[in-house]
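Chains as they are written, first to last, in the numbering used here: chain A, 1 to 390; chain B, 1001 to 1109.
Where a beta carbon is used, it is the ideal one built from N, C-alpha and C, also for glycine.
Quantities reported herein were computed from a predicted structural model and do not represent experimental measurements.
Here the structure comes first, spelled out in structure tokens, and everything after it is commentary.
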Amino acid sequence: MPERVALTGNDSAAYAMKQLNPDVVAAFPITPQTELMHKFASYVADGVVDTEFVRVESEHSAMSAVVGASLAGARACTATCSAGLALMWEILYVASSCRCPLMMPVVNRALSAPINIHCDHSDSMGARDSGWIQLYSENCQEAYDNAIQAYRVAEHEDVRLPTMVPLDGFILSHTLEGLEVNDDEAVQEFVGDYEPEDSLLNVDDPHTFGMFALPNYYMEYKKQQVDAMEAAMDVVQEVGKEYGEMTGRSYSLVEDYKCDDADVIIVGLGSTMGTAKQAADDLREEGIKAGVLKIRCYRPFPSERINEVLEGAEVVGVMDRAVSFGLGGPLFHEIRSSQWGQTTPLVNFIYGLGGRDLSLNRVKDIFGSLVEAAESDDYEPTVRYVDVRE
Amino acid sequence: MAEKKLLSKQEMIEGGVAEGGTMSKLYTGSWRTYVPLTDFDTCTHCMLCWIFCPDVAIKVKDGKKLGTNLQYCKGCGICATECPVDAIEMKLDSEATDEEKAREDVRED
Chain A
1 MPERVALTGN DSAAYAMKQL NPDVVAAFPI TPQTELMHKF ASYVADGVVD
51 TEFVRVESEH SAMSAVVGAS LAGARACTAT CSAGLALMWE ILYVASSCRC
101 PLMMPVVNRA LSAPINIHCD HSDSMGARDS GWIQLYSENC QEAYDNAIQA
151 YRVAEHEDVR LPTMVPLDGF ILSHTLEGLE VNDDEAVQEF VGDYEPEDSL
201 LNVDDPHTFG MFALPNYYME YKKQQVDAME AAMDVVQEVG KEYGEMTGRS
251 YSLVEDYKCD DADVIIVGLG STMGTAKQAA DDLREEGIKA GVLKIRCYRP
301 FPSERINEVL EGAEVVGVMD RAVSFGLGGP LFHEIRSSQW GQTTPLVNFI
351 YGLGGRDLSL NRVKDIFGSL VEAAESDDYE PTVRYVDVRE
Chain B
1001 MAEKKLLSKQ EMIEGGVAEG GTMSKLYTGS WRTYVPLTDF DTCTHCMLCW
1051 IFCPDVAIKV KDGKKLGTNL QYCKGCGICA TECPVDAIEM KLDSEATDEE
1101 KAREDVRED
């Protein structure tokens, strides 16, 4: 029977990992991910899981170790954030291009400098082109649910790509929340056994892994990855639906909240979308038709679905908790690109860098400024920085 | 030489995986500048060269070193550096005689 428990975001991801019982976990501590691995390491020490836990000397090594384990045929996992993810950089690409179906919670944290341990999305946003699937979480329940679904997506025969599960540092990772967890057996049954087609330890059918490919072959390997990412679009939805049949909590590429008749829609990722939903509810009581579009699956990017939801809105605000210096928000620019040929005005709000709080009232202000922009038909400036002293 | 047909995206195993033993088809001996020449009067058959050779090019039978597979030996000189009795001389390949190379060269196929 599913059970109602109180867990932090870190503990919920660790709990999912306990139930998934990976063959190999390699990790290096970094705030705010540290407690996640503390918790998981205690499951290892207590003999609750069968996992081989590898304590490595850096995140570069953590990712290298799990890539090696995955190629050897193991179901492998790690977790990190911020500078740790940045240090994994080189091997993130190796993992995706060697088609290692890893799962990795990323506890979003700002990048230095100035050094800052709080939440923004500059770490996982920077990894958006690394060939990893990204499933963002709004709350601790979703962090748990996404971690479980991640292996099903990653290991699907049409996909075979690593999957990142970003969850907001501190806002989720250190916040206690009531959530429902599945039975261990139900999770085991849902993910099944991992049986890779080829593996290093299959000596009866030897293969060469991580080989060299010159210009006459490299592009075909990259196109295979592109195709796999495209296939993931359907698989994310199928797995999310099947997970819903088991738990009553279905998942898709995006979640549209009160968007059907909305005049003004806010789009974004992660925990802020919870605040935005409350703001939309409150504003609807005041007669403003507000809606929220939460992007759960950021890679592959669900352009088609986004356009369907945004169609009919008078104005759309895109919330970015990261900045691409010299351009604006990454999510904004991808949505604007998806919207080619559409006429809905889009405004970008860059907020919450380094963990700056975005209150419920501030989100209502943002909705209000969108309504104002639509009324006056003036959308300048297109990229706005929320709560910056200047 | 007939042009080799390249595999299509669909024909290739995904993820940079290929059949086993692909390096056996790559004759790295053509990269060589220096050739190892073993003095078998000095060699004690300690097998350190066999352990250290990164290309598995040292050929051994019944506990005795037979020589080096020059089809694969890149001439890196690790064997000569590691040899505890200095039995291996690295000589410019262009200066080594055909006889010297023939004595060293042991191939399985």
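Could you check whether residue j and residue i sit closer than 9 Å to each other, using their CB atoms as the reference points?
{"i": "A/R249", "j": "A/D145", "result": "yes"}
{"i": "B/C1083", "j": "B/L1048", "result": "yes"}
{"i": "B/G1015", "j": "A/R160", "result": "yes"}
{"i": "A/T272", "j": "A/M319", "result": "yes"}
{"i": "A/V405", "j": "A/L253", "result": "The question about residue 405 of chain A has no answer, for chain A in this structure spans 1 to 390."}
{"i": "B/K1059", "j": "B/H1045", "result": "no"}
{"i": "A/Y251", "j": "A/V239", "result": "yes"}
{"i": "A/V264", "j": "A/L346", "result": "no"}
{"i": "A/L179", "j": "A/Q141", "result": "yes"}
{"i": "B/E1089", "j": "B/P1036", "result": "yes"}
{"i": "A/Q19", "j": "A/S173", "result": "no"}
Quick check on the DSSP output: the alpha helix (DSSP H) that includes residue i runs from which residue to which?
{"i": "A/L87", "result": "S82 to L87"}
{"i": "A/Q134", "result": "Careful: A/Q134 lies outside any alpha helix (DSSP H), inside the beta strand (DSSP E) at I133 to L135."}
{"i": "A/K277", "result": "T272 to E285"}
{"i": "A/T31", "result": "Neither: A/T31 is in no alpha helix (DSSP H) and is coded neither H nor E."}
{"i": "A/L346", "result": "Per DSSP, A/L346 belongs to no alpha helix (DSSP H); it is in the beta strand (DSSP E), L346 to I350."}
{"i": "B/T1081", "result": "I1078 to E1082"}
{"i": "A/A374", "result": "L360 to S376"}
{"i": "A/M103", "result": "A/M103 -> not in any alpha helix (DSSP H); beta strand (DSSP E) instead, spanning M103 to N108."}
{"i": "B/I1058", "result": "Note, B/I1058: premise wrong, no alpha helix (DSSP H); beta strand (DSSP E) at I1058 to K1061."}
{"i": "B/C1049", "result": "L1048 to F1052"}
{"i": "A/D123", "result": "S122 to G126"}
Count the other CB atoms, across all protein chains shown, that sit within 10 Å of the CB of residue i; report buried if there are 16 or more and exposed otherwise.
{"i": "A/V203", "result": "exposed"}
{"i": "A/E35", "result": "buried"}
{"i": "B/T1038", "result": "buried"}
{"i": "A/A14", "result": "buried"}
{"i": "A/F394", "result": "No statement about residue 394 of chain A is possible, as the shown extent of chain A runs from 1 to 390 and does not include it."}
{"i": "A/S136", "result": "The sequence given here has Tyr at residue 136 of chain A, not Ser. Buried, by the Cβ-count rule."}
{"i": "B/D1086", "result": "exposed"}
{"i": "A/E155", "result": "buried"}
{"i": "B/D1109", "result": "With a pLDDT of only 48 at B/D1109, under the threshold of 50, the placement of this residue in the model should not be trusted; the figure read from the coordinates follows. Exposed, since its Cβ has fewer than 16 Cβ neighbours within 10 Å."}
{"i": "A/A392", "result": "A question about residue 392 of chain A goes unanswered here, because the residues of chain A that appear run from 1 up to 390."}
{"i": "A/F40", "result": "buried"}
{"i": "A/F325", "result": "exposed"}
{"i": "A/E138", "result": "buried"}
Just to confirm, does residue i get its C-beta within under 8 Å of one of the non-hydrogen atoms of the ligand ATP?
{"i": "A/M125", "result": "Ligands displayed in this structure: none; no statement on the ligand ATP is therefore possible."}
Please decide whether residue i counts as near chain A, where near means a Cβ-Cβ distance under 9 Å.
{"i": "B/M1090", "result": "no"}
{"i": "B/L1006", "result": "yes"}
{"i": "B/G1029", "result": "no"}
{"i": "B/G1021", "result": "yes"}
{"i": "B/G1016", "result": "yes"}
{"i": "B/K1074", "result": "no"}
{"i": "B/D1109", "result": "Here B/D1109 scores only 48 on pLDDT, less than 50, and its place in the model is too uncertain to base an answer on."}
{"i": "B/E1003", "result": "no"}
{"i": "B/I1058", "result": "no"}
{"i": "B/M1047", "result": "no"}
{"i": "B/I1013", "result": "yes"}
Could you please give the first and the last residue of the uninterrupted beta strand (DSSP E) stretch that includes residue i?
{"i": "A/V56", "result": "Unbroken run through A/V56: none, as it is neither H nor E."}
{"i": "A/V396", "result": "Examination of residue 396 of chain A is not possible in this model, given that chain A is present from 1 through 390 alone."}
{"i": "A/P22", "result": "Per DSSP, A/P22 belongs to no beta strand (DSSP E) and is neither H nor E."}
{"i": "A/I148", "result": "Element bounds for A/I148: not the beta strand (DSSP E) but the alpha helix (DSSP H), C140 to E155."}
{"i": "B/P1036", "result": "Y1034 to T1038"}
{"i": "A/M246", "result": "Not the beta strand (DSSP E): A/M246 falls in the alpha helix (DSSP H), residues P215 to T247."}
{"i": "B/D1086", "result": "Unbroken run through B/D1086: none, as it is neither H nor E."}
Does residue i get closer than 9 Å to chain B when you measure Cβ to Cβ?
{"i": "A/R384", "result": "no"}
{"i": "A/A13", "result": "no"}
{"i": "A/A6", "result": "no"}
{"i": "A/H207", "result": "yes"}
{"i": "A/D227", "result": "yes"}
{"i": "A/R99", "result": "yes"}
{"i": "A/D129", "result": "no"}
{"i": "A/Y194", "result": "no"}
{"i": "A/Y298", "result": "no"}
{"i": "A/K393", "result": "Only positions 1 to 390 of chain A appear in the structure, and residue 393 of chain A is not among them; the question remains open."}
{"i": "A/R160", "result": "yes"}
{"i": "A/E220", "result": "yes"}
{"i": "A/G210", "result": "yes"}
Taking contact to mean at least 3 C-beta pairs separated by less than 8 Å, is the segment 261-280 of chain A in contact with the segment 93-106 of chain A?
no
Is it true that the segment 24-40 of chain A meets the segment 72-83 of chain A, where meeting means three or more beta-carbon pairs spaced less than 8 Å apart?
yes
Any contact between the segment 377-385 of chain A and the segment 177-194 of chain A? By contact I mean 3 or more CB pairs, one from each, below 8 Å.
no
Contact the segment 140-154 of chain A vs the segment 165-179 of chain A: 3+ CB pairs below 8 Å:
yes
Are there three or more Cβ pairs, one per stretch, closer than 8 Å when the segment 89-102 of chain A is compared with the segment 116-134 of chain A?
Contact check between the segment 89-102 of chain A and the segment 116-134 of chain A: three or more CB pairs, one atom from each, fall below 8 Å, which counts as touching.
Taking one C-beta from the segment 114-121 of chain A and one from the segment 286-295 of chain A each time, how about it: are there three or more such pairs within less than 8 Å?
no
Would you call the segment 333-343 of chain A and the segment 303-319 of chain A in contact, with 3 or more CB pairs under 8 Å?
These segments touch.
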